[in-house]
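Novice: Letter by letter, the sequence shown follows residues 3 to 409 in the numbering used here.
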Amino acid sequence: MDTKDVQSENDGETSKAEDYRFRRLIETFRPGLAIESFLGIFRFKLEGDDLVPPSKLCKFISFVTSTFIVAMFIVFRVFPTAVIGEPYEFDAFKEFPCFVIFCQYWIACLLTTSVYNDSNIKVMTEICHMDTVMHLNVVDDFYKKAHRETIVIFVILMVAHSILDFCDIYSDGILTVSGIMLIIVYFCQDLGLLAFYKLISMLQARLETLNVYLKHVRGEQANNSIISNIEEKNETGKNMKVNRVSIKLNDLAFLYDKIGETCALINDVFNFQIFMILVSAFTYIIVTIWSTLYRVRYDKEEDTGNLTRIVIWSGRCICTVSVLCYICEKLISTRNDTKILVNDIIMDYDQPRQIRLQAKAFMELIEAWTLNISVYDMFFVDITLILKFISVATTYLIVIIQISHFI
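#1: In angstroms, rounded to a whole number, what distance separates the CA positions of residue 286 and residue 81?
#2: Taking the beta strand (DSSP E) that residue 49 belongs to, which residues open and close that run?
#3: Span of the beta strand (DSSP E) holding residue 120?
#4: At what residues does the alpha helix (DSSP H) containing residue 35 begin and finish?
#5: Could you give the DSSP three-state label for residue 54: helix, strand or coil?
#6: Terminal residues of the continuous alpha helix (DSSP H) containing residue 108?
#7: Quick check: the region 45 to 63 against the region 113 to 123, are at least 3 beta-carbon pairs closer than 8 Å?
#8: Would you mind working out which of 378, 32, 74 and 135 sits nearest residue 252, comparing C-alpha positions?
#9: Which residue's Cα is closest to the Cα of residue 396: 34, 26, 291 and 350?
#10: So, helix, strand or coil for residue 382, using DSSP?
#11: To the nearest angstrom, report how far apart residue 68 and residue 143 are at their CA atoms.
#12: As a quick exercise: from 356, 378 and 331, pick the residue whose alpha carbon is nearest that of residue 384.
#13: So the candidates are 377, 28, 150 and 188; which of them puts its Cα closest to the Cα of residue 41?
#14: Leaving out five residues on either side along the sequence, give the residues of the same chain with a beta carbon under 7 Å from the beta carbon of residue 109.
#15: Taking the C-alpha atoms as reference points, what is the distance between residue 232 and residue 205?
#16: Taking DSSP as the reference, what is the three-state secondary structure of residue 372?
#17: Looking at residue 282 and residue 77, is the spacing between their C-beta atoms short of 7 Å?
#18: With burial defined as no fewer than 16 other Cβ atoms inside 10 Å of the residue's Cβ, what is the status of residue 64: buried or exposed?
#19: Assuming residue 202 contacts residue 357 under a Cβ cut-off of 8 Å, what Cβ separation, rounded to an integer in Å, is found between them?
#20: Using the three-state DSSP reduction, which class does residue 30 fall into: helix, strand or coil?
#21: Label residue 38 either buried or exposed according to how many other C-beta atoms from any shown protein chain fall within 10 Å of its C-beta, with 16 as the threshold for buried.
#22: Please decide whether residue 275 counts as near chain D, where near means a Cβ-Cβ distance under 7 Å.
#23: May I have a chain-ordered list of the beta strand (DSSP E) segments no shorter than 3 residues that lie completely inside the region 330 to 369?
#24: Please list, in chain order, all residues of the same chain as residue 167 whose beta carbon is under 8 Å from its beta carbon, the five residues on each side excluded.
#25: Going by other Cβ atoms of all chains shown within 10 Å of its Cβ, with 16 needed for buried, is residue 241 buried or exposed?
#26: State buried or exposed for residue 199, treating a residue as buried only when at least 16 other CB atoms are found within 10 Å of its CB.
#27: Around the C-beta of residue 386, are 16 or more other C-beta atoms found within 10 angstroms, so that it is buried, or is it exposed?
#28: Would you call the region 28 to 35 and the region 146 to 157 touching, i.e. three or more CB-CB distances under 8 Å?
#29: Which same chain residues, not among the five before or five after residue 392, have their C-beta less than 8 Å away from its C-beta?
#30: Closest to residue 403 by C-alpha separation, out of 49, 288 and 158, would be which residue?
#31: Taking Cβ to Cβ, would you say residue 164 is nearer than 7 Å to residue 75?
#32: Residue 191 and residue 107 look like a contact to me (Cβ under 8 Å); what is the Cβ gap, rounded to whole Å?
#33: Smallest Cα separation from residue 1: which of 25, 197, 158 and 350?
#34: With a threshold of 8 Å on Cβ separation, who are the neighbours of residue 394 within its own chain once the five nearest residues in sequence on each side are excluded?
#35: Kindly list the residues whose CB is nearer than 8 Å to the CB of residue 208, restricted to its own chain and excluding five residues on each side of it in sequence; keep chain order.
#36: Evaluate residue 278 with the Cβ neighbour count: other Cβ atoms within 10 Å of its Cβ, from every protein chain shown; 16 or more gives buried, anything less gives exposed.
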């Protein structure tokens with residue numbers, strides 16, 4: 003066989019292996035992606051083994067689907083039609099948080115499908131490239147574990163929403179058409195949170211792997227590379243030998259730079275959704291507490307069941323904010339571990355001078371990419387945000403309790 007034919011055949015096998023790995027990466031996000039597309043959110047489209055922007059038809063379907071759901075909610079909220087029970091009177095102030103949620107859903111559909119699809123594709127491409135360099139996508143269990151995690155989180159979301167929705171229907175004794183739309187959109191909001199959680203979690207996992215490599219670099223004294231033998235399974239299940247590879251400190255710095263760029267892209271894509279999650283949680287807590295105080299003082303209609311439901315849903319809003327803060331804090335904590343490991347290499351005078359200089363350049367890169375998730379550069383999403391959120395909500399609660407005495 004000719005040398006060119008052998009080379010062409012090897013290139014073809016390599017390309018097929020890379021495509022197979024890329025498909026496995028996308029599979030780790032299912033079933034969230036499938037449900038999002040059903041609700042009119044198309045982040046990208048998988049054609050064969052390539053990611054492409056959504057087609058014009060998908061964009062049209064997204065606009066029609068989201069507009070239809072919002073229109074259904076508005077019509078049947080203003081003129082309530084009960085599926086079970088007796089319809090209630092429309093109260094614009096009390097329903098304001100619901101309109102905030104639907105505003106977020108409609109705008110997020112349009113932005114994700116029409117504006118941020120290129121960024122979503124670039125994020126997935128960069129993660130796949132990082133996996134190739136760190137040889138994570140040749141480990142058969144790595145993506146399986148990530149896929150199982152997605153399934154577990156998705157099931158938890160389904161169970162939690164089912165319990166909350168059942169409590170709502172049971173305590174109110176009524177289910178309306180607009181209520182069904184609200185259930186769908188609340189679940190869609192949590193699917194967006196799931197996508198954000200998975201992307202940040204994937205970055206954090208890659209950064210942890212980078213830290214493992216750094217520990218090897220630090221421990222090898224005069225050698226700045228890690229050598230490893232890896233076997234992978236192809237589509238047929240047969241083992242494929244992978245050549246021994248060397249990852250140098252400069253390569254690790256390059257990977258960290260890619261992690262920083264990808265984190266900034268994710269931040270841009272989810273800026274609006276994070277902001278609206280915080281706004282909707284805050285408005286729900288404040289408006290609900292105000293309306294509850296009003297009914298308790300004047301209408302005397304509030305009972306223990308409704309108060310319990312309000313506490314549960316307020317807790318749900320705080321849990322949503324807590325999940326956002328938790329995953330962002332984990333990424334920052336892992337980045338701090340990276341900083342410590344690189345600093346150890348710098349301070350190790352037994353290391354060759356060239357290695358220490360590379361570590362100093364790496365440290366400058368770590369200082370440049372802090373991996374903080376911000377909301378339109380107004381504030382950072384980290385563990386302190388939970389306390390700030392609760393503090394602001396408590397302050398407003400005290401204010402509205404005082405105002406209620408004068409009305």
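Cβ coordinates follow ideal geometry from the N, Cα and C atoms, glycine included. These figures come from a predicted structure and were not determined experimentally.
Specialist: In brief:
#1: For the purposes of this step, residue 286 is taken as the residue at position 284 of the sequence shown. For the purposes of this step, residue 81 is taken as the residue at position 79 of the sequence shown. Taking the straight line from one Cα to the other gives about 22 Å.
#2: Position 47 of the sequence shown holds residue 49. Counting along the chain, the beta strand (DSSP E) containing residue 49 begins and ends at 47 to 49.
#3: Along the sequence shown, one-based indexing puts residue 120 at 118. Note, residue 120: premise wrong, no beta strand (DSSP E); alpha helix (DSSP H) at 119 to 136.
#4: As a working mapping, residue 35 is identified with position 33 in the sequence shown. Its alpha helix (DSSP H) spans residues 34 to 40.
#5: Residue numbering aside, residue 54 sits at position 52 when the sequence shown is read from its first letter. Strand.
#6: In the sequence shown, counting from the first residue as 1, residue 108 sits at position 106. Where residue 108 is concerned, the enclosing alpha helix (DSSP H) stretches over 98 to 116.
#7: The region 113 to 123, when compared against the region 45 to 63, does touch it at the 8 Å Cβ threshold.
#8: Counting from one through the sequence shown, the residue named residue 252 turns up at place 250. Checked all of 378, 32, 74 and 135; the closest Cα to residue 252 is 135.
#9: Taking the first residue of the sequence shown as 1, we reach residue 396 at position 394. Selected option, being the one with the closest Cα: 291.
#10: Translated into positions along the sequence shown, residue 382 becomes position 380. Reduced to three states, the DSSP call for residue 382 is strand.
#11: Start at 1 with the first residue of the sequence shown, and residue 68 comes out as number 66. Start at 1 with the first residue of the sequence shown, and residue 143 comes out as number 141. Computed Cα separation, rounded: 37 Å.
#12: Against the sequence shown, residue 384 aligns to sequence position 382. Of 356, 378 and 331, the residue nearest in Cα terms is 331.
#13: As a first step, residue 41 is located in the sequence shown; it is residue number 39 there, counting from the start. Residue nearest to residue 41 within the set 377, 28, 150 and 188 is 188 (criterion: CA-CA distance).
#14: The count along the sequence shown starts at 1 and reaches residue 109 at position 107. Non-local beta-carbon contacts of residue 109 in its own chain, meaning distances under 7 Å to residues more than five positions away in sequence, involve 274 in chain order.
#15: Taking the first residue of the sequence shown as 1, we reach residue 232 at position 230. Taking the first residue of the sequence shown as 1, we reach residue 205 at position 203. Its pLDDT being 39, under 50, residue 232 is placed unreliably by the model, and nothing is read from it.
#16: By one-based count along the sequence shown, residue 372 stands at place 370. In the structure shown, residue 372 sits in coil (DSSP, three-state: anything other than H, G, I, E or B).
#17: Taking the sequence shown and counting its residues from 1, the one referred to as residue 77 is at position 75. Taking the sequence shown and counting its residues from 1, the one referred to as residue 282 is at position 280. Cβ distance not < 7 Å, so residue 77 and residue 282 don't count as in contact.
#18: As a working note, residue 64 is residue 62 in the sequence shown. It counts as buried.
#19: Against the sequence shown, residue 202 aligns to sequence position 200. Against the sequence shown, residue 357 aligns to sequence position 355. Going by Cβ atoms, the distance from residue 202 to residue 357 rounds to 31 Å, so no, they are not a contact pair.
#20: Position 28 of the sequence shown, counting from 1, holds the residue named residue 30. DSSP, reduced to helix, strand and coil, places residue 30 outside both helices and strands of the structure shown, so it counts as coil.
#21: In the sequence shown, the residue the question calls residue 38 occupies position 36. When all chains shown are included, residue 38 counts as buried.
#22: Looking at the structure shown, chain D is missing, and only one protein chain is on hand.
#23: none
#24: One-based indexing of the sequence shown puts residue 167 at position 165. Cβ within range, chain order: 185.
#25: Position 239 of the sequence shown, counted from the first residue, corresponds to residue 241. Caution is warranted here: a pLDDT of 40 is assigned to residue 241, below 50, making its placement in the model unreliable, and the coordinate value is therefore given only provisionally. With fewer than 16 other Cβ atoms inside 10 Å of its own Cβ, residue 241 counts as exposed.
#26: Here residue 199 refers to the residue found at position 197 when the sequence shown is read from its first residue. Under this definition residue 199 is a buried residue.
#27: In the sequence shown, the residue the question calls residue 386 occupies position 384. Label assigned to residue 386: exposed.
#28: Short answer: they touch.
#29: Stepping through the sequence shown from its first residue, residue 392 is reached at position 390. 320.
#30: Numbered from 1 along the sequence shown, position 401 holds the residue referred to as residue 403. Nearest of 49, 288 and 158 to residue 403, Cα basis: 288.
#31: Your numbering for residue 164 matches position 162 in the sequence shown. Your numbering for residue 75 matches position 73 in the sequence shown. Cβ distance not < 7 Å, so residue 164 and residue 75 don't count as in contact.
#32: In the sequence shown, the residue the question calls residue 191 occupies position 189. In the sequence shown, the residue the question calls residue 107 occupies position 105. Their Cβ separation, rounded to whole angstroms, is 7 Å, which keeps residue 191 and residue 107 in contact under 8 Å.
#33: The structure shown does not extend to residue 1, since the chain is modelled only from 3 through 409, so no value can be given for it.
#34: Position 392 of the sequence shown, counted from the first residue, corresponds to residue 394. So the list reads 284, once near-sequence residues are dropped.
#35: Looking up residue 208 in the sequence shown gives position 206. Result list for residue 208: 129, 132, 133, 136, 138, 257 and 261, in chain order.
#36: The residue given as residue 278 occupies position 276 in the sequence shown. Classification of residue 278: buried, given that the 10 Å Cβ count is 16 or more.
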